[in-house]
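Everything below concerns the one structure shown next.
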Amino acid sequence: MRFERAAFLLALSGVQALPAGNSHNDETWDVIVVGAGPAGIIVADRMSEAGKKTLLLEQGEPSYYITGSRERPAWLDNTDLGRVDVPGLYKSIYTNPSYNLLCNETQLNAYAACTIGGCTAINAGLFFQPPSTDFDRYFPQKWKYSDLSSAISKLRAKQPFTQNPSTDGKYYLQLGYTAAKKWLVEGAGYKEVTFNDVPNDKTEVFGHPEFMYEGGQRSGPVKTYLQDALKRSNFKFQHGVQVKRVVRNGGKATGVIAKINGKETHLKTCDQNGRVILSGGALFSPQLLMLSGIGDSAALTNLSQHGLLSIPPSSWINNTAVGAGLFDNPNTFIELSGPQIHSYIYNYTTPIPSDRDLYLQHRSGPYAFASETSAFWDEIAYPNGDKVGVQGTIDSSGFGGYLDNNTITLNIYGTSGMKSFGRVAVNTTSSAPGPAAPFFYTDPTHRDADAIASFIHKLFAALPASGLTPRNIPANATKDEIVDYITSPSAYTLGNVNHWSSSCRLGECVDVDTRVKGMQNLFVVDASIVEPLTVNPSMGVMIAAERAVELILGEGK
Numbered sequence: 023m024r025f026e027r028a029a030f031l032l033a034l035s036g037v038q039a040l041p042a043g044n045s046h047n048d049e050t051w052d053v054i055v056v057g058a059g060p061a062g063i064i065v066a067d068r069m070s071e072a073g074k075k076t077l078l079l080e081q082g083e084p085s086y087y088i089t090g091s092r093e094r095p096a097w098l099d100n101t102d103l104g105r106v107d108v109p110g111l112y113k114s115i116y117t118n119p120s121y122n123l124l125c126n127e128t129q130l131n132a133y134a135a136c137t138i139g140g141c142t143a144i145n146a147g148l149f150f151q152p153p154s155t156d157f158d159r160y161f162p163q164k165w166k167y168s169d170l171s172s173a174i175s176k177l178r179a180k181q182p183f184t185q186n187p188s189t190d191g192k193y194y195l196q197l198g199y200t201a202a203k204k205w206l207v208e209g210a211g212y213k214e215v216t217f218n219d220v221p222n223d224k225t226e227v228f229g230h231p232e233f234m235y236e237g238g239q240r241s242g243p244v245k246t247y248l249q250d251a252l253k254r255s256n257f258k259f260q261h262g263v264q265v266k267r268v269v270r271n272g273g274k275a276t277g278v279i280a281k282i283n284g285k286e287t288h289l290k291t292c293d294q295n296g297r298v299i300l301s302g303g304a305l306f307s308p309q310l311l312m313l314s315g316i317g318d319s320a321a322l323t324n325l326s327q328h329g330l331l332s333i334p335p336s337s338w339i340n341n342t343a344v345g346a347g348l349f350d351n352p353n354t355f356i357e358l359s360g361p362q363i364h365s366y367i368y369n370y371t372t373p374i375p376s377d378r379d380l381y382l383q384h385r386s387g388p389y390a391f392a393s394e395t396s397a398f399w400d401e402i403a404y405p406n407g408d409k410v411g412v413q414g415t416i417d418s419s420g421f422g423g424y425l426d427n428n429t430i431t432l433n434i435y436g437t438s439g440m441k442s443f444g445r446v447a448v449n450t451t452s453s454a455p456g457p458a459a460p461f462f463y464t465d466p467t468h469r470d471a472d473a474i475a476s477f478i479h480k481l482f483a484a485l486p487a488s489g490l491t492p493r494n495i496p497a498n499a500t501k502d503e504i505v506d507y508i509t510s511p512s513a514y515t516l517g518n519v520n521h522w523s524s525s526c527r528l529g530e531c532v533d534v535d536t537r538v539k540g541m542q543n544l545f546v547v548d549a550s551i552v553e554p555l556t557v558n559p560s561m562g563v564m565i566a567a568e569r570a571v572e573l574i575l576g577e578g579k
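So the sequence shown is numbered by our numbering: it starts at 23 and just counts up by one.
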């Protein structure tokens, strides 16, 4: 009954919660949070918990069943499950795309979620705690690992996660895991670990992925933080609302202009101590800053000349760090085959009947987890002291031209310590944000490519004993040949994994309290402020949100 009650509460706080119209809405808010992704939901929950009258706005539509979504295949009819609730349907977003879950081309010039929960509603749910070195090497004061103990503890206490999601306690689709263990643990000397038990160990470690699941279903901030917030009378939530810009009087934000039911409305903060917090993600938050007259003067001039910025230049706040430093993990697919491998391809509409029934009746089996069976990390060290994080995950099936039954896919990422970055640009026709240009392997030292190629070359040296054979790169390729391969366009290289981050960095775009430079009460709290992490970013972004709330409320040291 808890889920049904929460869904009802969500409906009450939905599209009818705010009036639409051209005139100003007289209701005021202590805090307006823009974006109901992982960071925005946490910020809104904690702000309302602290007694602040809080409004959370999301441009997207429902995602989980609990939010009102009924998008799903027929085999889920007569259940309390939508497509995103079932972990095994994760990859179906690529083969059976959803216009209710994904951003369209008028919203975003990239691939991302525009839905309640943001990326945590559609991704694989991988949930790894970043190592202490990520914060101590790359983050400013107030954000070192020792500063984050409270934020980490609060998150781990509230957000369930598991490395063994099937409710019957069994691991499924383990042939790839077994082969990878023979390759990496027995052959290359890696340690087999439980990652979130030893989060600081990211050198030659291997194990089962950690997932943000509970009871064989996708969890995430929508199922935890948002449900707590919805119980409070001082919290309101509305989806289907596109925020156009922040309204400001010089350095003070007075609210936002939002399109509600097709009409623009001024939603206002209270005069005393009101705050606007942008949590739209690493592409949308810089866009909103620029459309509010805050950003690089050249970008603002371009927007003004195309009629997208009505604020006069005399009121602009020039900050070249807005949208700069955009990061995503460069990805390479390596297809691995072996006689001991049997690939498994999830099916959106017609699962294998026994697997379907196992999931529906017990929340067990292959559909209780996304297709990643293994994960591993290492670190590449350079004589000047630089260290580059590198990561691998192994999927249950092949990819592209390698879909035969004996093939699985190894994904190789570059992570922390990368030097290639891009910039967020706003399209002058649609106003949609996106990367200004491709930026993988653009660092002038070519070190990013060297680090990833070194990782692959080292892995291949231990590969023969495992019985696995790479299909799209020769096992005996030299490091230089691997560099050429990963930097040349193909279906297996130069792929975005859509882990967008780092486009409004602490100490540059915002101060260490997440306040936008030049503003009194405008903040950014999302992946924009997070440096490139050694691990998949969801948990790190959620830790950052918990920490940011402490600092905004003056509770952080």
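Note that CB positions come from ideal geometry on N, CA and C, so glycine has one too.
{"query": "Does the Cβ of alanine 28 have 16 or more other Cβ atoms within 10 Å, making it buried, or fewer, making it exposed?", "result": "In this prediction, alanine 28 scores a pLDDT of 36, lower than 50, which makes its location untrustworthy; the coordinate-derived value is nonetheless stated afterwards. That one is buried."}
{"query": "Among the residues of its own chain, which have a CB less than 6 Å from the CB of lysine 204, if the five just before and after it don't count?", "result": "Ser488"}
{"query": "For the beta strand (DSSP E) containing glutamine 309, list its first residue and its last residue.", "result": "Premise fails: glutamine 309 lies in the alpha helix (DSSP H), 306–313, not in any beta strand (DSSP E)."}
{"query": "Indicate whether threonine 276 and valine 265 have their beta-carbon atoms separated by less than 8 Å.", "result": "no"}
{"query": "Closest to isoleucine 316 by C-alpha separation, out of Ser301, Ile339, Glu93, Ser393, would be which residue?", "result": "Ile339"}
{"query": "Going by other Cβ atoms of all chains shown within 10 Å of its Cβ, with 16 needed for buried, is glutamine 309 buried or exposed?", "result": "buried"}
{"query": "In its own chain, which residues sit with a C-beta less than 6 Å from the C-beta of lysine 245, not counting the 5 before and 5 after it?", "result": "none"}
{"query": "Compare the beta carbon distance of valine 446 and glycine 562 with 8 Å and say whether it is the shorter of the two.", "result": "no"}
{"query": "So within the region 404–476, which uninterrupted beta strand (DSSP E) runs reach at least 3 residues, ignoring any that extend past its ends?", "result": "409–417, 429–436, 444–448, 455–457"}
{"query": "Do the region 247–259 and the region 75–83 touch if we need at least three Cβ pairs shorter than 8 Å?", "result": "yes"}
{"query": "Can you list, in chain order, the stretches of the beta strand (DSSP E) that have 3 or more residues and sit fully within the region 512–547?", "result": "544–546"}
{"query": "Which of helix, strand or coil does DSSP assign to aspartate 190?", "result": "coil"}
{"query": "Excluding five sequence neighbours on each side, which residues of the same chain lie with their C-beta closer than 7 Å to the C-beta of asparagine 324?", "result": "Thr450"}
{"query": "Mind checking whether glycine 238 and serine 188 have CB atoms under 8 Å apart?", "result": "yes"}
{"query": "How would you write the range of the alpha helix (DSSP H) that arginine 569 sits in, first residue to last?", "result": "560–574"}
{"query": "Opposite lysine 285 in the DSSP bridges: which residues?", "result": "Ile282"}
{"query": "Given a threshold of 16 other Cβ atoms within 10 Å of its Cβ, counted over all protein chains shown, does arginine 92 qualify as buried or as exposed?", "result": "exposed"}
{"query": "Which residue's Cα is closest to the Cα of lysine 501: Tyr514, Tyr247, Ile478?", "result": "Ile478"}
{"query": "Would you call glutamine 362 buried or exposed, if buried means 16 or more other Cβ atoms sit within 10 Å of its Cβ?", "result": "exposed"}
{"query": "With isoleucine 54 and valine 278 assumed to form a contact (beta carbons below 8 Å), what rounded beta-carbon distance in angstroms separates them?", "result": "6 Å"}
{"query": "Give the single residue among Arg385, Asp472, Ala473, Pro496 whose Cα lies nearest to the Cα of phenylalanine 482.", "result": "Pro496"}
{"query": "What does the alpha-carbon distance come out to for the pair leucine 322 and glycine 456?", "result": "16 Å"}
{"query": "Could you check how far apart the C-beta atoms of tyrosine 463 and alanine 471 are, in whole angstroms? I think they sit under 8 Å.", "result": "5 Å"}
{"query": "Would you mind listing the alpha helix (DSSP H) stretches within the region 98–151 that are 4+ residues and don't spill past its ends, in chain order?", "result": "114–117"}
{"query": "Tell me, to the nearest whole angstrom, how far the beta carbon of lysine 290 is from that of threonine 137; I am working on the premise that it is less than 8 Å.", "result": "Wrong, their Cβ atoms sit about 27 Å apart, outside the cutoff."}
{"query": "Please look up how many angstroms separate the CB atoms of threonine 101 and leucine 382, rounded, as I've assumed it's under 8 Å.", "result": "7 Å"}
{"query": "Alpha carbons only, please: which of Leu177, Thr225, Glu208 is nearest the one belonging to tyrosine 247?", "result": "Leu177"}
{"query": "To the nearest angstrom, how far is it from the Cα of glycine 36 to the Cα of aspartate 250?", "result": "Low confidence applies to glycine 36: its pLDDT is 39, below 50, so where it sits in the model is not reliable enough to give any reading."}
{"query": "Just curious, the beta strand (DSSP E) that serine 337 is in, first and last residue?", "result": "Counting along the chain, serine 337 falls outside any beta strand (DSSP E), and DSSP gives it neither H nor E."}
{"query": "With respect to the beta strand (DSSP E) encompassing threonine 76, which residues constitute its N-terminal and C-terminal limits?", "result": "76–80"}
{"query": "Nearest-angstrom Cα distance between proline 60 and asparagine 498?", "result": "42 Å"}
{"query": "To the nearest angstrom, how far is it from the Cα of alanine 96 to the Cα of threonine 371?", "result": "7 Å"}
{"query": "Measuring only between beta-carbons, confirm whether aspartate 250 sits less than 8 Å from chain D.", "result": "In the displayed structure, chain D is absent; only one protein chain is listed."}
{"query": "Helix, strand or coil: which one does DSSP assign to asparagine 218?", "result": "helix"}
{"query": "Quick check on this structure: which residue in Asn218, Ser314, Glu503, Leu206 has the alpha carbon closest to the alpha carbon of glycine 540?", "result": "Ser314"}
{"query": "If you scan the region 244–277 from start to end, which runs of the beta strand (DSSP E) of 3 or more residues do you find wholly inside it?", "result": "257–261, 264–271"}
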